[in-house]
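Start counting the sequence shown at 1056; every next residue gets the next number (my numbering).
Cβ atoms here follow ideal geometry from the backbone N, Cα and C, with glycine treated the same way.
Remember, predicted model here, so these are calculated numbers, not experimental data.
First up is the structure itself, then whatever we jot down about it.
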Amino acid sequence: MTKKERYEFVINYFQLHAPDAETELIYDDPFQLLVAVILSAQCTDVRVNMTTPKIFQKFPTAQKMAKAEFNDLFPLIKSISYPNNKTKHLIGMAKMLLEKFNGIVPMTVDELVQLPGVGRKTANVITSVIDQQPNMAVDTHVFRVSARIGLTTHAKTPLATEQQLIKNIPQELIHKAHHWLILHGRYVCVARNPKCDVCGLKEICKYYSTK
1056 MTKKERYEFV INYFQLHAPD AETELIYDDP FQLLVAVILS AQCTDVRVNM
1106 TTPKIFQKFP TAQKMAKAEF NDLFPLIKSI SYPNNKTKHL IGMAKMLLEK
1156 FNGIVPMTVD ELVQLPGVGR KTANVITSVI DQQPNMAVDT HVFRVSARIG
1206 LTTHAKTPLA TEQQLIKNIP QELIHKAHHW LILHGRYVCV ARNPKCDVCG
1256 LKEICKYYST K
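This is the structure in structure tokens:
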């Protein structure tokens, strides 16, 4: 099977079985999504969604969060991984949004990565989810699933994975393919004991063929 055929099979499968795939983070506007994605680093979306309602109730906007003291925000996110750093990042992010971007979440990766707590993966999530830009956020699920299926080869870094995926996925589907791969990794192609018996991709999966 050629790489082109493998990609076509995977894309056709997900278009049929997950046509409406989207982020599982709960948010009302770009600022709330940015907060949620910063919190989601090395933390589950389930935990983030349990935590954000109280944050958004008290700090619904960048203007409100920028005025927060560390001890105002920290108690609301102490159940999240790395709460010290994330508290500082959120307050710093809100302040920079006001100072540099008039309180509006920018929609380019280059601008977003200037914000505290925002790396390339987070910037790709924001621009692809909010603006449907053809940016591929590579988290641990995307990295693992892409390699197992055989969509990527010898990709040692998230950036290498990102570059291979966007080269081979039609531009108009990249923002959705991000969710296809994440959700497949979260519920089927899990890190330990992947559920190959219920996976619709096993017939073209390189990992499965070696089992």
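Asked: Top-ranked residue by Cα proximity to T1212, from F1198, G1205, K1141; Found: F1198
Asked: Buried versus exposed, by CB contacts within 10 Å (16 or more), H1234; Found: buried
Asked: For C1251, the three-state DSSP class (helix, strand or coil); Found: helix
Asked: Three-state class that DSSP yields for L1071 in the structure shown; Found: helix
Asked: Exposure of Q1087, with buried meaning 16 or more beta-carbon neighbours within 10 Å; Found: buried
Asked: Contact check, L1236 vs S1183, beta carbons under 9 angstroms; Found: no
Asked: Three-state secondary structure (DSSP) of L1256; Found: coil
Asked: CA-to-CA distance, A1210 to V1168, given in whole angstroms; Found: 23 angstroms
Asked: Cβ pair V1193, E1154 closer than 9 angstroms; Found: no
Asked: Validate contact between the region 1245 to 1254 and the region 1077 to 1092 using beta carbons, cut 8 angstroms, 3 pairs; Found: no
Asked: Helix, strand or coil at E1063 according to DSSP, with G and I counted as helix; Found: helix
Asked: Spatial distance of Y1137 from T1106 (CA atoms); Found: 14 angstroms
Asked: Integer-rounded CB distance, given that A1123 should sit under 8 angstroms from G1158; Found: Not really, about 15 angstroms apart at Cβ, beyond 8 angstroms.
Asked: Straight-line gap, Y1068 to I1224 (C-alpha atoms, nearest Å); Found: 13 angstroms
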